[in-house]
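K.L.:
Protein chains in written order, with this note's numbering: chain A, 512 to 877; chain B, 194 to 824.
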């Protein structure tokens, strides 16, 4: 490659073509659905485009950060995140009955968001460091690194985020080689302790779960969201009502329909065929991520790539499961589909890391 | 640096990692399968169900209430009409404190204590999502004030509504009746008769009178606007419309002028009058005094006014013509006579010698004639004209209660006449069976004696008397009384005559009928019991007076009106038809505490005949005491 090539072209060399294509396809669908769900609101559409541009830029940036540099960010980021979580517990702002927000004067944000990336980075860094001598105690340390932020978030309380964070930490331990007997034993123990957990859950959390079991019990209250979104999806049929033709969407029956419930709009207007296409696109992204993980030269790269891939699909599953009424309502956006800058940037940042892992492999070898 | 632990085999570690990747991949595929399985269930298996639910979400039917039919008298004068006005209504489910809103509203426009009382009663009766009227018939200024302040009066609505107006006033209340707000009982009836759907959007329903009995015709059919609505219930666009079908208009036989004359003729007296066309059964006038203002009821009456009306000793809410039951007294005599002739118990020329009383064989008890010393030699014609009690005592005993009961029933006594109003009483025509059932006692011969002059158990409504009298006038046709003559389709504007219903044609020999008619005509001539009331009439009247006892008079005592307080005085009865040769109108009058039929009841009938047959409207009519003796 000529040394005189433009810096931008050099930067783009780290972009994984397959992942980018898949991501752009989903983003294209997202743009169409947000257009329909927002009632063709120019503000929403342009905002969405700006978010996409920003997030893609972050992705390209991340793709150019070599994994070994990235791994060094893990410990400080994790430490900062935990400190902030403690800060929240002590000085946090209470919104909607939960202490989740930290007001830094100029910006209010949820430190739990930070942990979503910091925790895998920290764990991957830790296992990479001890790769050669990996033993049971390292998994115990890893478990503690996972439990600290998990419990801090749990007591905010924010069960949904805590579980999502717990899942990503678990994936990492799993790929690092957590023994099956520990996994199975933990699962059995977890199932056994469900009644205890139920007793510890807050009223609103219990209500959400109950609502899931029988949404019709409160059709005008909390069950309304689930009922309306399942009606939207179900009424879509095989091929859907057509773009901008969904009555549940156009007549305001679907709540939060550009953000968390966007799949209801999509399901109504594009039907089962659309749902298959979308799920296949997500599966392709995950597959590509797992391939990258398989080919990664370092343990850090392998663990990050595999964890981020599974994490993405976990979000997909939790969101779609919630919107189609098989999981409780938790505020989780649909990756690459939901309107919202933070989530999109976080997601494409993760894909940038995947690309970094993928492209720096060859460069390392050469 | 010494190694504390052995180094891992990197190839084996890599192989294990790849195994974990495969496990992760399988996990993801399983999750994807779960999602698509759920989507398949919703979108393919349950698609029909959900598409229906989505349609139900989207489409709402907004009922459009039909205009209620008008009620007109025989000359097309309006008795019940509609007008549109603005009402102030409050949503029952208030976003704020209801009392605070009421206070705010009261600051803006005047709310009377009566309106507030009515509002509270309606509030207690209403359902959660209804709006409750606070003030109706708002002036333009009030509408403007409320509109300007709407932003700070949440839950307050100004609605354009159709109202009913009964301009004919209290005199017509017992005929036309009134509409009122649909209550729980009405709703239950509607639901049970499968008409509930047709009343979506309708606030009022007929409660009494014609408004009640012709409810189905007057109401019409509710239309529906099919609207596409969004989640907040706001109509986005109209999809289709099924227009409402207005209710049918009713034209009555009743003449508003005649009704007014009849009502006026009562003066201060209370009572009931019904005038029928003997050839059709058409009700020409139907007065029950006192009446009441039906307009009070339309939008809910306030509790105090209702209590006053309902508990008044004058019973203004009771329709005396349909529901007032009285012993027929001497008005039964023409029918007794006709029964005697038809059953062959008497011939027209048969006579008795009246000593002034009647005694049963082997009994010393005297059943006295109203005339001391008796009427001398009387045949049937004379017995009717002079209302000779002794003649009919004997006739009743000769006939026996069983035959009497059987035949009198044919004149509608003891049966409902079948008038097109609800709530009619059947009265009571006694019989041996009835007494056994009701009192568990045998029938005594003495009871037959007094039954001959319409005393004892026999109870009749003025309407039954009129129906029976019409049979004498028309030659034995028992007509079902009808108020409604024709019904107009609001779309074609064609009047559809209502059928005349002959309940039964009684075969009466013309010569028998002639005798009874002669007796009734004689009653109106000098020497008859109501001669004074017929004096100077340019047409012939056939009539019969009667008296219904309010308090029992002891054996041997004499009835003396002057010694009794007015409320214990007898009710005066009078039945008549005219012109006697070719009857076109039949009247039955009952004057409460009127005393003699000839002196108080007959002049009222005369005023009705005069107006109907000659168009003469009485001036300030005064009730005059009859000079001739009555029973």
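Backbone N, C-alpha and C fix where the C-beta goes; we use that ideal spot for every residue, glycine too.
As the structure is a prediction and not an experimental result, all values here were calculated from the model.
Could you run through the region 210-224 of chain B and flag, in chain order, every residue whose CB is less than 9 Å away from some CB of chain A?
P.N.:
Listed by position along the chain: 210, 211, 213, 214, 215, 216, 217, 218, 220, 221, 222 and 224.
K.L.:
In angstroms, rounded to a whole number, what distance separates the CA positions of residue 774/A and residue 834/A?
P.N.:
Stepping through the first chain from its first residue, residue 774/A is reached at position 263. Stepping through the first chain from its first residue, residue 834/A is reached at position 323. Cα to Cα, the separation comes out at about 7 Å.
K.L.:
Report the option in 600/B, 620/B, 613/B and 530/B whose CA atom is closest to the CA atom of residue 581/B.
P.N.:
Against the second chain, residue 581/B aligns to sequence position 388. Out of 600/B, 620/B, 613/B and 530/B, 530/B has the C-alpha closest to the C-alpha of residue 581/B.
K.L.:
Could you name the residues of the same chain whose beta carbon sits closer than 7 Å to that of residue 792/A, not counting the 5 residues immediately before and after it, in chain order?
P.N.:
Numbered from its first residue, the first chain carries residue 792/A at position 281. Only 533, 536 and 537 meet the Cβ criterion.
K.L.:
Which residues, in chain order, does the region 806-828 of chain A contribute to contact with chain B at a C-beta distance below 7 Å?
P.N.:
Those would be 813, 817, 821, 824 and 828, in chain order.
K.L.:
Our contact map puts residue 735/B next to residue 710/B with C-beta atoms below 8 Å; I'd like the distance itself, whole angstroms only.
P.N.:
As a position in the second chain, residue 735/B is number 542, starting the count at 1. As a position in the second chain, residue 710/B is number 517, starting the count at 1. Going by Cβ atoms, the distance from residue 735/B to residue 710/B rounds to 6 Å, so yes, they are a contact pair.
K.L.:
Starting from residue 281/B, follow its DSSP beta bridges and name the residues at the other end.
P.N.:
On the second chain, residue 281/B is found 88 positions in, with the first residue counted as 1. Residue 281/B pairs with 328/B and 351/B.
K.L.:
Identify, in the order they occur along the chain, each residue of the same chain with its Cβ nearer than 6 Å to the Cβ of residue 748/B, setting aside the five sequence neighbours on each side.
P.N.:
Locating residue 748/B in the second chain gives position 555, counting from the first residue. Here residue 748/B scores only 46 on pLDDT, less than 50, and its place in the model should not be relied on; the value that follows carries that caveat. Same-chain partners within the cutoff: there are none.
K.L.:
Name the two residues that bound the continuous alpha helix (DSSP H) containing residue 800/B.
P.N.:
Here residue 800/B is taken as the residue at index 607 of the second chain, counted from 1. Residues 795-802.
K.L.:
Taking a contact to mean a Cβ-Cβ separation below 8 Å, would you say residue 798/B touches residue 769/B in this structure?
P.N.:
Here the question's residue 798/B lines up with position 605 in the second chain. Here the question's residue 769/B lines up with position 576 in the second chain. Taking 8 Å as the Cβ cut-off, residue 798/B and residue 769/B qualify as a contacting pair.
K.L.:
Within 7 Å: the Cβ of residue 681/B and any heavy atom of the ligand HEM?
P.N.:
By its list of ligands, the structure shown contains no ligand whatsoever, and the ligand HEM lies outside what it can speak to.
K.L.:
Give, in chain order, every residue of the region 420-441 of chain B whose Cβ lies closer than 8 Å to some Cβ of chain A.
P.N.:
Of all residues in the region 420-441 of chain B, 421, 422, 423, 424, 425 and 429 have a Cβ within less than 8 Å of some Cβ in chain A.
K.L.:
For residue 556/A, name the three-state secondary structure that DSSP assigns.
P.N.:
Numbered from its first residue, the first chain carries residue 556/A at position 45. Helix.
K.L.:
Of the residues 861/A, 820/A, 845/A and 853/A, which one's Cα is nearest the Cα of residue 215/B?
P.N.:
Position 22 of the second chain holds residue 215/B. Minimum Cα distance to residue 215/B is reached at 820/A.
K.L.:
I'd like to know whether the C-beta atoms of residue 725/B and residue 639/B end up nearer to each other than 8 Å.
P.N.:
Counting from 1 along the second chain, the entry for residue 725/B is found at position 532. Counting from 1 along the second chain, the entry for residue 639/B is found at position 446. Their beta carbons are not under 8 Å apart, which means residue 725/B does not touch residue 639/B by this criterion.
K.L.:
Pull up the distance between the alpha-carbon of residue 529/A and that of residue 574/A, whole angstroms please.
P.N.:
Numbered from its first residue, the first chain carries residue 529/A at position 18. Numbered from its first residue, the first chain carries residue 574/A at position 63. Approximately 14 Å between the Cα atoms of the pair.
K.L.:
If I measure Cβ to Cβ from residue 521/A and keep anything under 7 Å in the same chain, skipping five residues before and after, which residues do I get?
P.N.:
As a position in the first chain, residue 521/A is number 10, starting the count at 1. Once the five neighbours on either side are set aside, residue 521/A has no close Cβ partner at all.
K.L.:
Buried or exposed for residue 871/A, going by 16 or more other Cβ atoms inside 10 Å?
P.N.:
For the purposes of this step, residue 871/A is taken as the residue at position 360 of the first chain. Answer is buried; the Cβ neighbour count reaches 16.
K.L.:
Which residues, in order along the region 225-247 of chain B, keep a beta-carbon less than 8 Å from a beta-carbon of chain A?
P.N.:
Answer in chain order: 225, 227, 228, 229, 231, 232, 233, 235, 236, 237, 239, 240, 242, 243, 244, 246 and 247.
K.L.:
Establish whether the CB of residue 194/B and some CB of chain A are separated by less than 8 Å.
P.N.:
Position 1 of the second chain, counted from the first residue, corresponds to residue 194/B. Caution applies to residue 194/B, whose pLDDT of 44 falls short of 50 and renders its modelled position unreliable; the model cannot decide the point.
K.L.:
Residue 526/A: buried (16+ other C-beta within 10 angstroms of its C-beta) or exposed?
P.N.:
As a position in the first chain, residue 526/A is number 15, starting the count at 1. Classification of residue 526/A: buried, given that the 10 Å Cβ count is 16 or more.
K.L.:
For residue 479/B, which of helix, strand or coil comes out of DSSP?
P.N.:
Your numbering for residue 479/B matches position 286 in the second chain. Strand, per DSSP.
K.L.:
If you measure beta-carbon to beta-carbon, which residues of the region 746-772 of chain A are closer than 7 Å to chain B?
P.N.:
Listed by position, the residues of the region 746-772 of chain A near chain B (Cβ gap below 7 Å) are 746, 747, 748, 749, 758, 759, 762, 763 and 764.
K.L.:
Leaving out the 5 sequence neighbours to the left and right, which residues in its chain are closer than 8 Å to residue 669/B when beta-carbon positions are compared?
P.N.:
Sequence index remark: in the second chain, residue 669/B carries index 476 (1-based). Contacts found: 698, 699, 700, 701 and 706.
K.L.:
Suppose you measure from the CA of residue 283/B to the CA of residue 232/B; what does that come to, to the nearest Å?
P.N.:
The residue labelled residue 283/B in the question sits at position 90 within the second chain. The residue labelled residue 232/B in the question sits at position 39 within the second chain. The alpha-carbon atoms of residue 283/B and residue 232/B are separated by roughly 45 Å.
K.L.:
Can you name the start and end residues of the beta strand (DSSP E) that residue 434/B belongs to?
P.N.:
Numbered from its first residue, the second chain carries residue 434/B at position 241. Start and end: 428-435.
K.L.:
Are the CB atoms of residue 412/B and residue 440/B nearer to each other than 8 Å?
P.N.:
Mapped onto the second chain, residue 412/B falls at position 219. Mapped onto the second chain, residue 440/B falls at position 247. The answer is yes: Cβ separation under 8 Å.
K.L.:
If we call anything under 8 Å between Cβ atoms a contact, is residue 578/A one with residue 772/A?
P.N.:
Taking the first chain and counting its residues from 1, the one referred to as residue 578/A is at position 67. Taking the first chain and counting its residues from 1, the one referred to as residue 772/A is at position 261. Contact flag unset, no.
K.L.:
Let's test the definition: count the other Cβ atoms within 10 Å of the Cβ of residue 687/B and tell me whether it reaches 16, buried, or not, exposed.
P.N.:
One-based indexing of the second chain puts residue 687/B at position 494. So residue 687/B ends up on the exposed side.
K.L.:
List the endpoints of the continuous alpha helix (DSSP H) containing residue 713/A.
P.N.:
Walking along the first chain from the start, residue 713/A turns up at place 202. Segment: none, residue 713/A is in no alpha helix (DSSP H) and carries neither H nor E.
K.L.:
Which value, in whole angstroms, describes the spacing of the CA atoms of residue 696/B and residue 651/B?
P.N.:
Walking along the second chain from the start, residue 696/B turns up at place 503. Walking along the second chain from the start, residue 651/B turns up at place 458. Straight-line Cα distance between these residues: approximately 22 Å.
K.L.:
Which residues does DSSP list as the beta-bridge partners of residue 565/B?
P.N.:
Reading the second chain from its first residue, position 372 is the one you call residue 565/B. Note: residue 565/B sits in no beta bridge, so no partner.
K.L.:
Is any beta-carbon of chain B found at less than 8 Å from that of residue 569/A?
P.N.:
Locating residue 569/A in the first chain gives position 58, counting from the first residue. Residue 569/A does not count as touching chain B.
K.L.:
Kindly indicate the opening and closing residues of the alpha helix (DSSP H) around residue 740/B.
P.N.:
Your numbering for residue 740/B matches position 547 in the second chain. Run containing residue 740/B: none in the alpha helix (DSSP H); it sits in the beta strand (DSSP E), 735-741.
K.L.:
Mind listing the chain B neighbours of residue 778/A? Cutoff is C-beta to C-beta under 9 Å, in chain order.
P.N.:
Indexing the first chain from 1 puts residue 778/A at position 267. Neighbours of residue 778/A on chain B, chain order: 232, 235 and 236.
K.L.:
Between which two residues does the alpha helix (DSSP H) containing residue 303/B stretch?
P.N.:
As a first step, residue 303/B must be located in the second chain, where it is residue number 110. No alpha helix (DSSP H) holds residue 303/B; DSSP gives it neither H nor E.
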